[in-house]
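Visitor: Sharing a structure here in structure tokens format.
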Amino acid sequence: MKNKVLLTSAVTGAGDTMKKNPHVPVTPKEIAESAIESAKAGATVAHVHARDPKTGGISHNLEHYREIVDRIRESETDVIINITSGGGGDFIPSLNTPAAGGDGTDIQTPAERHEPVGELLPEMCTLDCGSTNFGNMIYMSPTDWLRDQAKLIQESGVKPELECFDTGHIRFANQLVEEGLIDGDPMYQFCLGIPWGAAADAETMLYMKNRIPEKAHWSAFGIGRMQMPMASQAAMLGGNIRVGLEDNIYLSKGVVARNEQLVDKAVTMLRGLDLEPMTPQEAREYYNLRNPHGGK
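So the sequence shown is numbered by the working numbering: it starts at 210 and just counts up by one.
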């Protein structure tokens, strides 16, 4: 796969971004269509969250995920599906009862977080490798919960993408690998620029790259205006890249984007570096991903 890069489109996320950009997909139909259009533009992977069609907020409803996955799989456009397993980790302490979550808290057990992955069996899923201050809330993933989640993912045959929002997450992801909870060559995702995790700069990316196992694969993304600079930096350092409306809603200053436009911009950047995005089938074979129709 020399000169080939895994290009992920993170199509929607769970943030309150729809008010700023009307192109952020909300319904299962919109999310699936945006994933398909991203693939037509050159994306190898569609990373999907589900949203509540009525409120636009995060949804853990299995049927919302099922509709997204079914629509993508039934289309004539091939793309690898990567489902989040990081939902249900938001903890907002209450000053009155600090041991309990306040308004906006949304915590799921490892089994609940895994349910869409175990039921729908995408090729890939994310696994957030630690807790972190996430803006003004805490994203909570205790280590024993993560071990349980890693075991469930391993049993499903889905390939986890080990999401690391800070340098300590790299250490714990490495620990999961050492404990035999990650099959094959591990895949890491460096999540950069989120307050208050690892910074979105070349020094931090290189630091994280240098601390993963020799046979590991890696990708990186930056948020907001750092999306394309971090994609370019990752590609030049031999990593994979991620763009999309989950992480950045603008095509340029003041110009709201569609996912396929961000993918097209990334493809143009890659070609300027004499690189090309992998096709979904090339990536399935290279990374030994499960067949979307069952098995390896």
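In this text, a Cβ means the ideal position worked out from N, Cα and C, and glycines have one as well.
(1) I'd like to check one pair, Gly431 with Pro438: are the Cβ atoms closer than 8 Å?
(2) My output table needs one value for Gly327: the three-state DSSP class, helix, strand or coil.
(3) Can you give the Cα-Cα distance for Gly344 and Pro237, rounded to whole angstroms?
(4) DSSP has His426 in a bridge; who is on the other side?
(5) Applying the 10 Å Cβ sphere with the 16-neighbour rule, what's the burial state of Thr293?
(6) Cutting at 6 Å between CB atoms, please list the residues of its own chain near Ala252, excluding the five before and the five after it.
(7) One question on the structure: do Val235 and Val288 come within less than 8 Å of each other, judged by their Cβ atoms?
(8) By Cβ distance, which residues of its chain are closer than 6 Å to Leu498, with the 5 residues on each side in sequence left out?
(9) For Gly481 and Met210, I'd like the C-alpha separation in whole angstroms.
(10) Out of Glu239, Asn291, Leu271 and Ala250, which one is the CA nearest neighbour of Val257?
(11) Is Trp427 buried or exposed, if buried means 16 or more other CB atoms sit within 10 Å of its CB?
(12) Could you pull out every residue in the same chain whose Cβ sits closer than 7 Å to the Cβ of Tyr459, ignoring the five residues on either side in sequence?
(13) Which word fits Met445, buried or exposed, when buried means at least 16 other C-beta atoms lie within 10 angstroms of its C-beta?
(14) Smallest Cα separation from Glu272: which of Gly265, Gly266, Arg260 and Lys360?
(15) Please give the ranges of any beta strand (DSSP E) in the segment 286-329, keeping only runs that are unbroken, at least 3 residues long and fully inside the region.
Guide: The short version:
(1) Position 229 of the sequence shown holds residue 438. Position 222 of the sequence shown holds residue 431. Cβ atoms of Pro438 and Gly431: closer than 8 Å.
(2) On the sequence shown, position 118 is the one that residue 327 refers to. In this structure, Gly327 counts as helix in the three-state DSSP scheme.
(3) Against the sequence shown, residue 344 aligns to sequence position 135. Against the sequence shown, residue 237 aligns to sequence position 28. Roughly 27 Å separates the two Cα atoms.
(4) Residue mapping note: residue 426 aligns to position 217 of the sequence shown, counting from 1. Paired residue(s): Met396.
(5) For this step, residue 293 is matched to residue 84 along the sequence shown. Burial call: buried.
(6) Here residue 252 refers to the residue found at position 43 when the sequence shown is read from its first residue. Within the same chain, Ala252 has close Cβ partners Leu216, Ser218 and Val472.
(7) Stepping through the sequence shown from its first residue, residue 235 is reached at position 26. Stepping through the sequence shown from its first residue, residue 288 is reached at position 79. Result no, Cβ atoms of Val235 and Val288 do not sit closer than 8 Å.
(8) Walking along the sequence shown from the start, residue 498 turns up at place 289. Glu332 and Lys368.
(9) Within the sequence shown, numbered from 1, the residue matching residue 481 stands at position 272. Within the sequence shown, numbered from 1, the residue matching residue 210 stands at position 1. Those two C-alpha atoms are separated by around 18 Å.
(10) Taking the first residue of the sequence shown as position 1, residue 257 is located at position 48. Ranking the options by Cα distance to Val257, first place goes to Asn291.
(11) Position 218 of the sequence shown, counted from the start, is the residue given in the question as residue 427. Buried: at least 16 other Cβ atoms inside 10 Å.
(12) Position 250 of the sequence shown, counting from 1, holds the residue named residue 459. The residues are Val465 and Ala466.
(13) Translated into positions along the sequence shown, residue 445 becomes position 236. Label assigned to Met445: exposed.
(14) Numbered from 1 along the sequence shown, position 63 holds the residue referred to as residue 272. Among Gly265, Gly266, Arg260 and Lys360, the Cα nearest to that of Glu272 is on Arg260.
(15) 289-292 and 298-300
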